[in-house]
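Position 240 of the sequence shown, counted from 1, bears residue number 1607 in our numbering, the numbering being contiguous throughout.
A virtual CB, placed ideally from N, CA and C, is assigned to each residue, including glycine.
For reference, the structure is listed below as structure tokens.
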Amino acid sequence: MQSLLTAALRTPLLGALLLLLTQHIARAENSIKPNYDHDQYKIFDIRTPLVLSCNVTMEGKYELEWLKDDSPVSEDKGLRDRYRIIADENKFVIERTVEGDAGIYTCKAGDLQATIDAVAKPTVRLPPNTSVVEGEKLRIHCVAAGKPTPSVEWAIGNETYNESRGRVILEDDNGVKNAIFTLTDITLDDRGDYYCRASNVASNYVNHTQDSTFVRVKDNLAALWPFLGICAEVFVLCAIILVYENRRNKPELEESDTDQSPDQKHSPDHGKERDVRQRK
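Structure below.
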């Protein structure tokens, strides 16, 4: 061995090879490996904690540094006051995540480093109920979030739509593909549950995220019936008032006629009219 070292010192090429071999052995002893959920991805739900960690094997003391998208996490304004580093456990924790927390995270110790691709699982939101009048146009907006930006598909009964066809028109919104669903010439048969499903790379490993709205289709004369009902109520009310007034006025007229007869008999004018007829 001593003769090999002596020869290595005398031969530059052999010395360089020996140095590379020594460095390779040292690197094999020192390692850093990230913890993944699926392949190289760490999938998290928005508004829930995100915990990243790396397993480090290294002699001596070291300080694990965390970066996001190649910048120290301390310089990321979006992460300010929302994260903590647990040095003893080599962990980086965001207590309550937002969509923008997705990205490439790097754990670094000395010359060693490893990356973790954090992906925000899609979220979707629809109104619980949607009403439309027969013959009009149905329009539903699916609010979808996630990073990478998700795409949307729609399911109605046994039909799935990821592009426009027939009476169905799909439009993008704020970069989300197919986020707006439009159905023309609504009929009563279009009543039912409409599902919005969002997906991104996380959907290759976890279930699709979906929400639904129940569509109610009203008769095109539905607005007329309340008006007719109000008119009928007014008519009945007027008839009741008229009948009541007639019945109340009839006794008053009869009483008035009865009160005039005795007065006419005892009035002075009544006797004069009788004397005038006798003289004739």
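Spatial distance of residue i from residue j (CA atoms)
i, j, result
"Y1562", "T1580", "7 Å"
"A1512", "N1545", "13 Å"
"L1555", "V1519", "26 Å"
"I1453", "A1469", "20 Å"
"I1607", "N1496", "41 Å"
"D1412", "V1573", "11 Å"
"D1443", "I1507", "36 Å"
"T1482", "P1401", "7 Å"
"F1602", "R1532", "50 Å"
"N1397", "D1404", "23 Å"
"A1522", "D1560", "9 Å"
"T1527", "L1550", "14 Å"
"Q1509", "D1484", "A small correction: the amino acid at residue 1509 is Cys; Gln does not occupy that position in the sequence shown. Roughly 27 Å between the two C-alpha positions."
"D1437", "D1455", "23 Å"
"C1611", "P1593", "Here the sequence assigns Tyr to residue 1611, which means Cys is not the residue at that position. The alpha-carbon atoms of Y1611 and P1593 are separated by roughly 27 Å."
Cβ-based neighbour list, residue i, same chain, cut-off 7 Å, excluding 5 preceding and 5 following
i, result
"D1552", "G1502 and R1534"
"Q1577", "V1491, Y1562, C1563 and R1564"
"R1558", "V1582, R1583 and V1584"
"P1517", "P1489, A1511, V1543, A1565, S1566 and N1567"
"N1529", "E1520 and N1545"
"G1728", "What the structure shows of the chain is the stretch from 1368 to 1647, and residue 1728 is not part of that stretch, so it cannot be assessed."
"H1391", "Note that H1391 scores a pLDDT of 45, beneath 50, so its modelled location is shaky and nothing firm can be said."
C-beta contact flag for residue i and residue j at 9 Å
i, j, result
"K1435", "Y1408", "no"
"T1424", "I1399", "yes"
"I1410", "V1486", "yes"
CA nearest to the CA of residue i, picked from the options
i, options, result
"N1587", "A1454, I1410, V1499 and K1400", "V1499"
"P1494", "R1583, N1525 and Y1403", "R1583"
"N1571", "P1489, V1460 and V1440", "P1489"
"N1457", "E1426, E1466 and S1420", "S1420"
"L1505", "A1481, I1536, N1529 and Y1528", "I1536"
"D1478", "L1609, E1430, L1550 and T1527", "E1430"
"E1426", "V1601, A1476, E1612 and G1445", "A1476"
"Q1480", "N1422, N1616 and R1615", "N1422"
Residue i classed as buried or exposed, judged by whether at least 16 other C-beta atoms fall within 10 angstroms
i, result
"L1595", "exposed"
"T1389", "With a pLDDT of only 46 at T1389, under 50, the local geometry of the prediction cannot be trusted, and the value read off the model is given with reservation. That one is exposed."
"L1604", "exposed"
"P1515", "exposed"
"C1598", "exposed"
"T1464", "buried"
"L1609", "exposed"
"A1395", "The pLDDT assigned to A1395 is 49, lower than 50, so where the model puts this residue is not dependable, and the model offers no usable value."
Sequence-distant residues of its chain with Cβ nearer than 8 Å to residue i (five each side left out)
i, result
"Y1450", "V1440, F1459, V1460, I1461 and E1462"
"D1539", "N1545, A1546 and I1547"
"G1524", "G1559"
Own chain residues within Cβ distance below 6 Å of residue i, not counting five before or after
i, result
"A1393", "Interpretation of A1393 is limited by its pLDDT of 43, a score under 50 that renders its predicted location unreliable; the figure taken from the coordinates is listed afterwards. The answer is none, since no qualifying residue turns up."
"E1432", "K1475"
"A1569", "I1410, V1486 and K1488"
"L1384", "Its pLDDT being 46, under 50, L1384 is placed unreliably in this model, and the value from its coordinates should be taken loosely. Once the five neighbours on either side are set aside, L1384 has no close Cβ partner at all."
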